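Here the structure is laid out as C-alpha cells; the discussion comes afterwards.
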Amino acid sequence: MHKLLIVDDEPYILEGLVELFTENEQLELTIFKASSAFEAIAILERVRMDIVLTDIRMPQMSGLQLLDQIKMRWPRCKVIFLTGHNEFDYVYQAIQYSDVRYVLKADGDALILENVSLAIKDVETDLLMETLTDKADIYYKMHIEHMRTLYITDLMEGSLKVSDINQQQFKELSICLSVNQPFILVLIRMDDAEGMSRTEINNQFVSIQNVAHMLLGSLTEVVSSIYSPSYIIVMLQPKTQMNLSWERACSFVGGTLETLLKTAQMSWRAPLSVAWLNKSSLIDELPQHFSFLKLLLMQFYGERGMILTDANDHWGSPNHQNLSDAIEGHVLIKKAGQLQNHLETRQQEACFRAIAEFKEALHGPIDKDNTFVFELFYLLGLGFSSLYTNLEERDRSVHLSLLTRWQELFLQGKWEAVWDYAKEMTNFLFELNREQMGKEKERAIYQVKQYINKHLDGDLTLIHLAEQIYLTPEYLSRLFKQTEGMTLSDYITNLKIHSAKENLKNPALQIQEVASQLGFTTAGYFSRFFKKVVGITPQEYRNRA
C-alpha cells in the first residue's frame, strides 16, 4: 500500500481530493492531507511518502519551495503539481526533476487519478530498477558475504542437516568449493588483541583473510569466514587443474601457514596461532573437526605464534578418547544453544527436531560425572525458562511444576525419559504461549476499538491508530481483518454511520454539527459520504426519522 499526501490551502478542494482517492479502492492508497506547505513538511518529517499531490500556488510557501523540502527528505518521492493555465509554462520550464508531473486543475478528476496511477507505477518501477544500480550491486555483495558467514558458522556448528547441504547453496553464496570433495580445515586465532579497538581488529581480520587467500590461492580454492571476535575459519580444496595429490596439497598448506605466521609477526599488531587438520574432512565431519581445532587451540591457550595439527594431540593415545568425548560434548552444547534459540523464537517444529537429535545422540544411563552433561542440562533449562516470561501467574506455577518434574527425571538417570518429557513439556508450553498470544491480540484489537469510539472526530488513519498501540500499520491492518472479519476502514465507516443516524434523530443538532462530531470538515463532504453508504442524504434520513 502506497502513501499519498494531498496539499492544498483551499479546504473545499482539499476535501474533494481526499474524497476522490478515498472512494477509489483500486489504487490502494494510505491518504494524508495538509492545508499548507508547513503542515505537509511536519507530516513528511514523520512519515515516508511515496507521492505528493500539491497545489503550485499557496501562501507563505509555494509548491515549488515545498518540492525542494520533499526531495531533501524523501528523494524518491514522486510529486504531482496541480497548476493553472497561466502558470503552467513557467512551472514546466522551471522544474528539472524528472519524476515531477503536472496536471491542469481544469482537466478534471479523471486525469488526476490517471497521473497518480502513473506515479504509483513509477514508484514500483524504481524499486525494481534499483537492483541494477552500482550501489545495489555493492549491497548485494555485502549481503552475500554476510549470508556466507552465517552459513559457514551453521555448517561448523552442526546446525545444518547434511542432507540439506548441496552445491546450489555453495554456488549462491559464492563458496567456490565442492560439497562432495574432502576439505582441508584451518582455524586461525588472533592471540592477543588487548588495547586494539573493534575497528582495528576488524581491519586486521580483513588483512589476514586477504593475505591467506593470496598465499594459499595459487594451488588451492580458498574460502574464509570470520567466526567470533577471535577466529577465522579457512576451508581449502586442491585446485582441480593442478592435479595435486592429497599429500602434496597438505604439504603446501603446512608450509604456506608458516609464511602466514611470519607475515603476521612482521606486519600485524596482534600475533596469530593456527590449528589445522593434516587429514581430510568430509562435509559431515566438519562440525566435529572444527570443535577439535578449537579445543586444540584451547589446550595451548596463552601461547602465541603456534602452528598446531592433529599430531599435537597424539591421536591414538590413551587421551584420544577423552578428547573425542570432549568434542562430542562441545557439539551437543552448541546444539543446546540452538534449541534454546528455537524456544525463544517460538519455533515449535524446530524444537521437536532438536529434541529428536538429542534423543538419538544421548540415550541409556546418564553419566552424572561428565561435566558437559550438567552444562547441557543447564542450557536446556534456560531455554525452557524463556517461555516463562509471557505466561500469566496461573500458568507460571504449571510451568515451574513441569520444570521440577523434568529435573527429577534427569536425576533418576534415564536419557529416554528426559527427552520424551522434554517434548511433552515443549508442546504444553507452546500451547500456553499460543493462548497468551491470542489474549494479547484480543487486547490490541480492544484498545483500537476503544480509541476509535472515543475519537470519531479525530485522526483515524491506519498509521495513527497503529502508533496508539505500538504496532506497525501493516500488522494492525492484517490482524484486525483476521480477527474481526472486516477492514479497519469498514469498521470506522460503520461506526460513523451508526453515530450519524443517532445524532440526526436529534433536531437540535444541525447537520454541520453532526458532520463535525464525526471528523468531517464540511457538511458537503459528510453528505456525500453518508449518501454513498446509506443511499439517501442526511437531510432525507432526518426527514424520514
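Note that this note's numbering has the sequence shown beginning at 104, numbered continuously upward. Even for Gly, the Cβ is constructed at its ideal location relative to N, Cα and C. All values reported here derive from a predicted model rather than from experimental measurement.
ask   = Which partner residues does Y115 have in the DSSP bridge list?
value = The residue you call residue 115 lines up with position 12 of the sequence shown. Bridge partners of Y115: none, in fact.
task = Starting from E324, follow the beta strand (DSSP E) in both directions and report where the run begins and ends.
result = The residue you call residue 324 lines up with position 221 of the sequence shown. Its beta strand (DSSP E) spans residues 323-330.
query = Roughly how far, in whole angstroms, is the beta-carbon of D294 from the beta-carbon of L398, given that I think they are within contact range, below 8 Å?
reply = Along the sequence shown, read from residue 1 onward, the residue named residue 294 stands at position 191. Along the sequence shown, read from residue 1 onward, the residue named residue 398 stands at position 295. Not quite, the Cβ-Cβ distance comes to about 16 Å (not below 8 Å), so this is no contact.
ask   = Taking C-alpha atoms, which residue in I183, G211, D153 lies nearest to W177?
value = Numbered from 1 along the sequence shown, position 74 holds the residue referred to as residue 177. Per the Cα distances, D153.
ask   = What is the DSSP secondary structure of V226, counted as helix, strand or coil?
value = Locating residue 226 in the sequence shown gives position 123, counting from the first residue. If DSSP states are grouped into helix, strand and coil, V226 belongs with the helices.
query = Do L156 and I223 have their C-beta atoms closer together than 8 Å?
reply = Here residue 156 is taken as the residue at index 53 of the sequence shown, counted from 1. Here residue 223 is taken as the residue at index 120 of the sequence shown, counted from 1. No, these two residues do not count as a Cβ contact at 8 Å.
Expected contact under 8 Å - CB spacing of Q571 and Y554 to nearest Å = The residue labelled residue 571 in the question sits at position 468 within the sequence shown. The residue labelled residue 554 in the question sits at position 451 within the sequence shown. That belief holds up - the Cβ atoms of Q571 and Y554 are roughly 5 Å apart, short of 8 Å.
ask   = Between which two residues does the alpha helix (DSSP H) harbouring M528 extend?
value = Taking the sequence shown and counting its residues from 1, one reaches residue 528 at position 425. It spans 518-557 - the alpha helix (DSSP H) in which M528 sits, taken as one unbroken run.
request  = Return the bridge partner residues of L411 from the DSSP annotation.
outcome  = The residue given as residue 411 occupies position 308 in the sequence shown. DSSP links L411 through a beta bridge to A378.
message = Is it the case that the region 499-512 contacts the region 463-470, given that we only count it when at least three CB pairs across the two stretches are under 8 Å?
response = Touching, no.
Segment limits, alpha helix (DSSP H) that includes I600 = If you number the sequence shown from 1, residue 600 lands on position 497. First-last of the alpha helix (DSSP H) with I600: 591-607.
task = Starting from the N-terminal side, write out each stretch of the alpha helix (DSSP H) that is 4 residues or longer and does not extend beyond the region 261-315.
result = 270-275
Residues that DSSP places opposite V501 in a beta bridge = Looking up residue 501 in the sequence shown gives position 398. BP columns for V501 are empty, so no partner.
query = How many Å lie between R169 and Y243 at the Cα?
reply = Your numbering for residue 169 matches position 66 in the sequence shown. Your numbering for residue 243 matches position 140 in the sequence shown. For the record, residue 169 in the displayed sequence is Leu; it is not Arg. Distance between the alpha carbons of L169 and Y243 is about 34 Å.
request  = Rounded to whole angstroms, what's the CA-CA distance from A457 to R508? Just pull it up for me.
outcome  = Residue numbering aside, residue 457 sits at position 354 when the sequence shown is read from its first letter. Residue numbering aside, residue 508 sits at position 405 when the sequence shown is read from its first letter. Their backbone Cα atoms lie some 20 Å apart in a straight line.
inquiry  = Out of P332, S331, F355, which one is the CA nearest neighbour of L339?
reply    = As a position in the sequence shown, residue 339 is number 236, starting the count at 1. If we check each option's Cα against that of L339, F355 comes out closest.
ask   = For S384, which three-state DSSP category applies?
value = For this step, residue 384 is matched to residue 281 along the sequence shown. Of the three classes helix, strand and coil, the one that applies to S384 here is strand, per DSSP.
ask   = Count the other CB atoms within 10 Å of the CB of N609; is the residue buried (16 or more) or exposed (fewer)?
value = As a working mapping, residue 609 is identified with position 506 in the sequence shown. The residue is exposed, with fewer than 16 neighbouring Cβ atoms inside 10 Å.
task = Please look up how many angstroms separate the CB atoms of L389 and F286, rounded, as I've assumed it's under 8 Å.
result = The sequence position of residue 389 within the sequence shown is 286, counting from 1. The sequence position of residue 286 within the sequence shown is 183, counting from 1. At roughly 7 Å, the Cβ-Cβ gap stays under 8 Å, so L389 and F286 are in contact.
ask   = Is the number of C-beta pairs between the region 394-414 and the region 442-455 that are closer than 8 Å three or more?
value = no
task = Pair every Cβ in the region 529-548 with every Cβ in the region 558-567, then say whether three or more of these pairs are closer than 8 Å.
result = With the rule of 3 Cβ pairs closer than 8 Å, the region 529-548 does not count as touching the region 558-567.
query = Where L123 and F455 are concerned, what is the direct C-alpha to C-alpha distance, given to the nearest angstrom?
reply = As a first step, residue 123 must be located in the sequence shown, where it is residue number 20. As a first step, residue 455 must be located in the sequence shown, where it is residue number 352. Taking the straight line from one Cα to the other gives about 53 Å.
task = Thinking G440 and L482 are a contact (beta carbons under 8 Å), I'd like their distance in whole angstroms, please.
result = For the purposes of this step, residue 440 is identified with residue 337 of the sequence shown, where counting begins at 1. For the purposes of this step, residue 482 is identified with residue 379 of the sequence shown, where counting begins at 1. 6 Å between Cβ atoms; contact.
task = Starting from the C-beta of K462, find all residues in its chain whose C-beta is less than 6 Å away, skip the five residues before and the five after it, and write them out in chain order.
result = In the sequence shown, counting from the first residue as 1, residue 462 sits at position 359. Here the set comprises W522.
ask   = For D112, which residues of its own chain have a beta-carbon under 8 Å away from its beta-carbon, when the five flanking residues on both sides are left out?
value = Here the question's residue 112 lines up with position 9 in the sequence shown. Taken in chain order, the residues that qualify are S138, S139, D158, M161, P162.
key: Range of the contiguous alpha helix (DSSP H) that encloses H567   = Along the sequence shown, one-based indexing puts residue 567 at 464. Segment 565-571, the alpha helix (DSSP H) holding H567.
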